[in-house]
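In the working numbering, the protein residues as written are 3 to 500. Note that beta-carbon positions come from the ideal geometry of N, C-alpha and C, so glycine has one too. It should be emphasised that the depicted structure is a prediction, and the values quoted were computed from it without experimental measurement. Input: a single structure, listed below in C-alpha cells.
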C-alpha cells in the first residue's frame, strides 16, 4: 500500500467484514446437520463474543434482514438456526442498542425497580399472583408480628400494658384477696395433691402406667379436698374418668409429630371437651357459666384500639357469666339494659352475647416452636374487655380503677373513698396440651398482666386430672368473685341513676 494513500473508509471496512462473515456462515451451514445442538450454541456464542474484531450485538439492519427480509424483496438471511438463541441472549442481557418494544414514557418512569428473580417470576404468568400474594403476606406478617404488637400496647395512649410478676400483682391494694387464695389452691393442685377420687382408686391402680405412677397423696376422700367437685356419686365419677381418658387419648393423637393436625382439631377433640366437662360438673347454682368459640367474632368498634396494629386481636374461647333472670345479677342486667339510653353491652364482642359479661379469655395454639402470638392476643383482648367496664360505669369510674380526675390527682388528701377491688380477668394460654393461666387487672389507667402459672396438661391421665381440678377451682372463683363484682357495680350504677 502506498504510504500517501488514504486509509480505507469505515464503510469499506464494514463491507469487507460482512463478506467474510457471509463466507464463514456458508461454511457453518455445510456442517450444521452434522453438529449437535450444544456445538451450534457454542459456535454462536463464540461468533458473538466481545472480541476487538467483531461486534457484540448484531446491527439493527442485520436484525431486520434476519427476521423480516430487506426492503428489496430478498429472502431473509438464514442464521443457521441461531436466531432464537441470539434473541434470548440479547433480551436477557442489558445492552444500550437493543430494540425494545414501544412503551409509554410514563410507564418507564413509574415502573419500580425489581430484582432479576422477581422479573423472571413476573415474566411467567403463573407466578404473578404468587409474587403479589407472597409480598402482601410478608407485609401483613411484618405489621402484625408479636414484638410490634407488644411494643404498641406498652406505648399506647389508652390503657397501656405493663407485665409484672404474679407476686407483685397479688400484692396490689386493689387486688382481691380471693385471687391470692385461688393461686395457692392452683399451686397445690399442680403438685398433684388431692386430685383423684378415692372411690376410683382400684380402677386407677389397674390402669396405672410406669411413666405415670400413683401415690396415696393424690387421692381425696371428701369434697373439700377435691377442690370443688359437686357430685360424689360413683357413677358420675366413672363417667368423668372415661371422658378424661378419651381426652388424654385424643391429645396424644394430636401431638403425634408424624401426623400433625390443625388447631381446629385440637379445639374440637381436646380443648372444648375438657372445658365442657369442667363447667358441667361445676354447674349447680343460678350463676352458671357458659363458654363459646369466638374465633369468628369481632371486637365492637367502640372498644377497639385506635392503632392499626391493635384493632382486631381475637381469642379462641370465651367463658361468660350466664346468670338466670330471677338471680340478683340477672335481674340487675335486665333492668340496666332496659334503663340504658343506648345499647348496653357487657362484653367487647360485636353483637354476641351482649347481656353476658366475659369472665375468662382463652387462646389456643398448636405446639409450634417460637409461637409468641398467644400472649399478645390475650393482652390486647383484655384491654378491650376493660374498656367495656369503663364504658358501662363511667359515672362511678373511681370504683373500678379508672383514672381519677385532675383535682383528685393534684390533691390526694381529698380522696376519702377506700380503694375498691379492681376488675380482674383470667387469661388462659393453651399451647398444644399445656395450659397456663395469667391474670389481667385494671389498675388506674393501665392494664397489668401477671406472669403465668401452670394449670396442667392433657399428656397423662394424672395431668388431665390436674387440669380438670384447676378448671373446677377457677370456675368456682369466677362464679363467686366475678359475679360479686358485677353485682356490686350494677347496684351502685343504678343507685347513682336514681
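Three CB pairs or more closer than 8 Å across the stretch 423 to 434 and the stretch 235 to 243: no
C-beta atoms of residue 191 and residue 472 nearer than 8 Å: Sequence index remark: in the chain shown, residue 191 carries index 189 (1-based). Sequence index remark: in the chain shown, residue 472 carries index 470 (1-based). In contact: residue 191 and residue 472 (Cβ atoms closer than 8 Å).
beta-carbon residue 31 near the ligand GTP non-hydrogen atom, thresh 7 Å: No copy of the ligand GTP occurs in the structure displayed, which carries no ligand at all.
Where residue 185 falls, given that 16 or more other Cβ within 10 Å makes a residue buried: Translated into positions along the chain shown, residue 185 becomes position 183. Buried, because 16 or more other Cβ atoms sit within 10 Å of the Cβ of residue 185.
Under 8 Å between C-beta atoms of residue 290 and residue 354: For this step, residue 290 is matched to residue 288 along the chain shown. For this step, residue 354 is matched to residue 352 along the chain shown. In this structure, residue 354 does not lie closer than 8 Å to residue 290 by Cβ.
Pairwise C-alpha distance: residue 211 and residue 151: As a first step, residue 151 must be located in the chain shown, where it is residue number 149. As a first step, residue 211 must be located in the chain shown, where it is residue number 209. Distance between the alpha carbons of residue 151 and residue 211 is about 44 Å.
Span of the alpha helix (DSSP H) around residue 337: Here residue 337 refers to the residue found at position 335 of the chain shown. Here the alpha helix (DSSP H) through residue 337 covers 330 to 341.
Burial state of residue 376, where buried means 16 or more other Cβ atoms lie within 10 Å: Residue 376 sits at position 374 when you count from the first residue of the chain shown. Result: buried.
For residue 31 and residue 20, the rounded distance between their alpha carbons: Along the chain shown, one-based indexing puts residue 20 at 18. Along the chain shown, one-based indexing puts residue 31 at 29. Straight-line Cα distance between these residues: approximately 16 Å.
Selection from 333, 385, 480 that minimises the alpha carbon distance to residue 164: One-based indexing of the chain shown puts residue 164 at position 162. The shortest C-alpha separation from residue 164 is found at 385.
Residue 255 in three-state terms, based on DSSP: As a position in the chain shown, residue 255 is number 253, starting the count at 1. Residue state, collapsed to three classes: helix.
Candidates 477, 265, 348: closest to residue 279 by CA position: Taking the first residue of the chain shown as position 1, residue 279 is located at position 277. Residue 477 is the option with its Cα nearest to residue 279.
Outcome for residue 381 when other beta-carbon atoms lying within 10 angstroms are tallied against a minimum of 16: In the chain shown, counting from the first residue as 1, residue 381 sits at position 379. Counting Cβ neighbours within 10 Å, residue 381 comes out buried, since at least 16 surround it.
Residue span of the beta strand (DSSP E) that contains residue 169, given as start and end: Counted from its first residue, the chain shown places residue 169 at position 167. Run containing residue 169: none in the beta strand (DSSP E); it sits in the alpha helix (DSSP H), 168 to 172.
Whole-angstrom C-beta distance between residue 457 and residue 188, which should lie under 8 Å: What you label residue 188 is simply residue 186 of the chain shown in a count that begins at 1. What you label residue 457 is simply residue 455 of the chain shown in a count that begins at 1. About 7 Å separates the two Cβ atoms, so the contact holds.
Cross-strand partners of residue 437 (DSSP beta bridge): Stepping through the chain shown from its first residue, residue 437 is reached at position 435. According to DSSP, residue 437 bridges with 432, 458.
contact_flag[the stretch 303 to 321, the stretch 460 to 468] where n(CB pairs < 8 Å) is 3 or more: no
Span of the alpha helix (DSSP H), counted from its first residue to its last, around residue 204: Within the chain shown, numbered from 1, the residue matching residue 204 stands at position 202. Note, residue 204: alpha helix (DSSP H), 203 to 208.
Residue 313 - containing alpha helix (DSSP H), residue span: If you number the chain shown from 1, residue 313 lands on position 311. Counting along the chain, residue 313 falls outside any alpha helix (DSSP H), and DSSP gives it neither H nor E.
Neighbourhood of residue 203 by C-beta distance below 7 Å, restricted to the same chain and skipping five residues each side: Taking the first residue of the chain shown as 1, we reach residue 203 at position 201. Contacts found: 221.
Residue 24, buried or exposed, once every other Cβ within 10 Å from all chains shown has been counted against 16: As a position in the chain shown, residue 24 is number 22, starting the count at 1. The residue in question, residue 24, is exposed, as its Cβ has fewer than 16 Cβ neighbours within 10 Å.
Pairwise C-alpha distance: residue 436 and residue 258: The residue you call residue 258 lines up with position 256 of the chain shown. The residue you call residue 436 lines up with position 434 of the chain shown. If you take the alpha carbons of residue 258 and residue 436, they lie about 15 Å apart.
Sub-8 Å separation of residue 171 and residue 450 beta-carbons: For the purposes of this step, residue 171 is identified with residue 169 of the chain shown, where counting begins at 1. For the purposes of this step, residue 450 is identified with residue 448 of the chain shown, where counting begins at 1. Closer than 8 Å, so yes.
Whether residue 180 touches residue 488 by CB criterion (8 Å): To locate residue 180, count along the chain shown from 1; it is residue 178. To locate residue 488, count along the chain shown from 1; it is residue 486. No, these two residues do not count as a Cβ contact at 8 Å.
Rounded separation between residue 400 and residue 494 - CA only: Position 398 of the chain shown holds residue 400. Position 492 of the chain shown holds residue 494. Only weak support is given to the placement of residue 400: the predicted model assigns it a pLDDT of 38, under 50, and the value that follows is read from those uncertain coordinates. About 12 Å.
Cα-Cα separation, residue 482 to residue 178: Here residue 482 refers to the residue found at position 480 of the chain shown. Here residue 178 refers to the residue found at position 176 of the chain shown. Each residue's Cα considered, the two are about 12 Å apart.
Residue(s) in a DSSP beta bridge with residue 303: Position 301 of the chain shown holds residue 303. Note: residue 303 sits in no beta bridge, so no partner.
For residue 1, three-class secondary structure by DSSP: Any answer about residue 1 is impossible in this case: the structure gives the chain only from 3 up to 500.
Reduced DSSP category for residue 269 - H, G, I as helix; E, B as strand; rest coil: As a working mapping, residue 269 is identified with position 267 in the chain shown. Helix, per DSSP.
Sequence-distant residues of the same chain with beta carbon closer than 8 Å to residue 378, five excluded per side: Within the chain shown, numbered from 1, the residue matching residue 378 stands at position 376. Excluding positions up to five away in sequence, the list reads 148, 151, 152, 155, 315.
Closest residue to residue 318 among 348, 336, 268 (Cα-Cα distance): Working through the chain shown from its first residue, we reach residue 318 at position 316. Looking at the Cα atoms, 268 is the closest of the given residues.
Span of the alpha helix (DSSP H), counted from its first residue to its last, around residue 150: In the chain shown, residue 150 corresponds to position 148, counting from 1. Where residue 150 is concerned, the enclosing alpha helix (DSSP H) stretches over 148 to 156.
Boundaries (first-last residue) of the beta strand (DSSP E) holding residue 276: Within the chain shown, numbered from 1, the residue matching residue 276 stands at position 274. First-last for residue 276: 274 to 284, but that is the alpha helix (DSSP H), not the beta strand (DSSP E).
Euclidean distance between Cα positions of residue 370 and residue 248: The residue given as residue 370 occupies position 368 in the chain shown. The residue given as residue 248 occupies position 246 in the chain shown. C-alpha separation (whole angstroms): 23 Å.
Test item: CB-CB of residue 350 and residue 296 under 8 Å: Along the chain shown, one-based indexing puts residue 350 at 348. Along the chain shown, one-based indexing puts residue 296 at 294. Contact: no.
Nearest-angstrom Cα separation, counted from residue 201 out to residue 195: Numbered from 1 along the chain shown, position 193 holds the residue referred to as residue 195. Numbered from 1 along the chain shown, position 199 holds the residue referred to as residue 201. Approximately 16 Å between the Cα atoms of the pair.
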